[in-house]
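Novice: First residue of the sequence shown: 133, per the numbering used here; consecutive thereafter.
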Amino acid sequence: MTDDLTAELTALEKGFWEASTDPGFFGEHLADEAVIVFPYGVGAMDKAMVLYTIRANAEEWASVEFADARVVRLGEDAAVITYKVTAERNDDEPFKAFTSSTFVRRDGRWLLAFHQQTLASTGK
133 MTDDLTAELT ALEKGFWEAS TDPGFFGEHL ADEAVIVFPY GVGAMDKAMV LYTIRANAEE
193 WASVEFADAR VVRLGEDAAV ITYKVTAERN DDEPFKAFTS STFVRRDGRW LLAFHQQTLA
253 STGK
């Protein structure tokens, strides 16, 4: 695994968190067949549902930190990134999850094809 790919996919993944209220970013960087799985409420969403949700009620994260990021190449044009995320919105409890995303490269660009979050224990 090259450090270049790890840096590129980590930056792209962080971009999704930092652009949590920007449907343009998601529209440009999600694969058309993308599936996003959240640990609460809505469960699995396709690209259209993700974009609708962002437009309807997305909230910005005040801070986002990744730990233990690891990238595994699945071939020339596919890779998985895993990491632990801690994200905060103003005065809310920090959101902590183990996260994995699968990216596919199309026309020289990495696109998010799959993303899943599993809640991490808060220690309470």
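Beta carbons are placed, not taken as given, at the ideal position from N, Cα and C, and that holds for glycine.
Distance, Cα to Cα, V167 vs V203?
Specialist: Here residue 167 corresponds to residue number 35 of the sequence shown, with the count starting at 1. Here residue 203 corresponds to residue number 71 of the sequence shown, with the count starting at 1. Using only the alpha carbons, I get a separation of about 19 Å.
Novice: One question on the structure: do W242 and A211 come within less than 9 Å of each other, judged by their Cβ atoms?
Specialist: Counting from 1 along the sequence shown, the entry for residue 242 is found at position 110. Counting from 1 along the sequence shown, the entry for residue 211 is found at position 79. Yes, the pair counts as a contact, with Cβ atoms nearer than the cut-off.
Novice: Name, in chain order, the residues that DSSP records as bridge partners for E220.
Specialist: Here the question's residue 220 lines up with position 88 in the sequence shown. Paired residue(s): S195.
Novice: Between the Cα of Y184 and the Cα atoms of G147, E220, G159 and S253, which residue gives the shortest distance?
Specialist: Locating residue 184 in the sequence shown gives position 52, where the first residue counts as 1. When only C-alpha atoms are compared, the closest one is G159.
Novice: With A219 and F230 assumed to form a contact (beta carbons below 8 Å), what rounded beta-carbon distance in angstroms separates them?
Specialist: Within the sequence shown, numbered from 1, the residue matching residue 219 stands at position 87. Within the sequence shown, numbered from 1, the residue matching residue 230 stands at position 98. About 13 Å separates the two Cβ atoms, so there is no contact after all.
Novice: Quick one: what's got a C-beta closer than 6 Å to T138's C-beta in the same chain, skipping five residues either side?
Specialist: Here residue 138 corresponds to residue number 6 of the sequence shown, with the count starting at 1. The answer, listed in chain order, is V203.
Novice: Measuring alpha carbon to alpha carbon, tell me which of T214, L251, Q248 and D223 ends up nearest A143.
Specialist: Position 11 of the sequence shown, counted from the first residue, corresponds to residue 143. For A143, the nearest C-alpha among the options comes from T214.
Novice: Inspect the beta-carbon positions of A252 and K216 and report whether they are closer than 9 Å.
Specialist: Walking along the sequence shown from the start, residue 252 turns up at place 120. Walking along the sequence shown from the start, residue 216 turns up at place 84. It is a contact, given that the beta carbons lie within the stated cut-off.
Novice: On the DSSP bridge assignment, give the partners of A143 in chain order.
Specialist: Against the sequence shown, residue 143 aligns to sequence position 11. Its beta-bridge partners do not exist; DSSP assigns none.
Novice: Using CA atoms only, rank isn't needed, just tell me which of E165, D135, P155 and D154 is closest to L244.
Specialist: Stepping through the sequence shown from its first residue, residue 244 is reached at position 112. Comparing Cα-Cα distances from L244 to each of E165, D135, P155 and D154, the minimum goes to E165.
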